[in-house]
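Taking UniProt numbering, I'd label the letters of the sequence shown as residues 1 to 99. Down below is the structure, laid out as structure tokens.
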Amino acid sequence: LCLYCGESHLATHLSRDHVTPLSRGGRDEWTNSVTACKRCNNRKAGRTPEEAGMTLLAIPFVPNHAEYIYLKGRRVLADQMEFLKAHFPRTSPLYSRNS
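So, in structure tokens, the structure goes:
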């Protein structure tokens, strides 16, 4: 999912975007990284979302271990997903979306 346009894309058509570009002093960490489709990432270029006239659809956050595995979503069985969801913090952006 592109966090700028909201469209679903294959993983091969997504890239990692630094909200505050590294060239502008942004850090390479969870709270400064989002997924973006190539079109949106190219449109934003070396600017902040505000400078590019773009809005983030979600605020980046540091996932705990259960959230990280859930977000990866690879080869996780349905009952395992339920176990992972039970370990989301109540403040998790994923908790309210999946309860």
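Where is the CB? At the ideal position from N, CA and C, for every residue including glycine.
Contiguous beta strand (DSSP E) elements confined to the UniProt domain "HNH endonuclease 5" (2 to 56) occur at 14 to 18, 33 to 37, taking only those with 3 or more residues. When the five nearest sequence neighbours on each side are left out, no beta carbon in the same chain lies closer than 6 Å to the beta carbon of P89.
Counting only the Cα atoms, R47 lies some 10 Å from G53. In the DSSP assignment, H65 falls within the unbroken alpha helix (DSSP H) covering 65 to 72.
For F83, the enclosing alpha helix (DSSP H) covers residues 78 to 85.
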